[in-house]
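These notes are about the structure you will find just below.
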Amino acid sequence: MLRTLNSEFDLARLMPCDEELVIAFVPTNRDIYRILQTCHKLKSVYIHPDTFKEMPCVGQTLLYMQKVELVVDDDVPESPSQQGGYAAQNKEEAPTKARPSRLVLVSR
Numbered sequence: 268m269l270r271t272l273n274s275e276f277d278l279a280r281l282m283p284c285d286e287e288l289v290i291a292f293v294p295t296n297r298d299i300y301r302i303l304q305t306c307h308k309l310k311s312v313y314i315h316p317d318t319f320k321e322m323p324c325v326g327q328t329l330l331y332m333q334k335v336e337l338v339v340d341d342d343v344p345e346s347p348s349q350q351g352g353y354a355a356q357n358k359e360e361a362p363t364k365a366r367p368s369r370l371v372l373v374s375r
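Read in order, the letters of the sequence shown are residues 268 to 375 in the working numbering.
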């Protein structure tokens, strides 16, 4: 099941069995650490390119070290602060279009 996180307050809804997440806000390093602590079976995280640019490098590295795929895709909803308002609802949904996503991996 694909779970959408619209804000840091949605982190409380995470379950250990969640394998895929859509992050629609700019997560801090602490948010990413909390996600990794809660979701033991996490395999992939989907994020919008504009949100990815704001994401800290340490958070990206944490995901890479835990072998979590970070998928940067235009179909993922943007951060509510970047949209100009809180239009997104707390729904669990998948990206709508079925086109291949770009995969961004951090390597040092």
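Ideal Cβ placement from N, Cα and C applies to all residues, glycine included. Keep in mind that this is a model prediction, so the values were computed, not measured.
Query, Result
"Proximal residues to Asp285 (C-beta, below 6 angstroms), its chain only, five neighbours per side dropped", "Arg270 and Cys306"
"Cα-Cα separation, Ile314 to Ala291", "7 angstroms"
"Which of helix, strand or coil DSSP assigns to Val343", "coil"
"Gln327, buried or exposed, once every other Cβ within 10 Å from all chains shown has been counted against 16", "buried"
"Nearest-angstrom Cα separation, counted from Glu287 out to Asp317", "20 angstroms"
"Residue from Lys320, Ala279 and Phe276 whose Cα sits closest to the Cα of Asp340", "Lys320"
"Alpha-carbon to alpha-carbon, Pro294 and Leu303", "12 angstroms"
"Rounded straight-line distance, which links the Cα of Lys334 to that of Glu360", "Bear in mind that a pLDDT of 49 at Glu360, under 50, signals an unreliable position, so the model cannot answer this."
"Residues bridged to Leu288 (per DSSP)", "Arg270 and Val312"
"Closest Cα partner of Asp298 within the set Leu281, Glu275, Ser311 and Arg280", "Glu275"
"Collapsed DSSP secondary structure at Val325 in the structure displayed", "helix"
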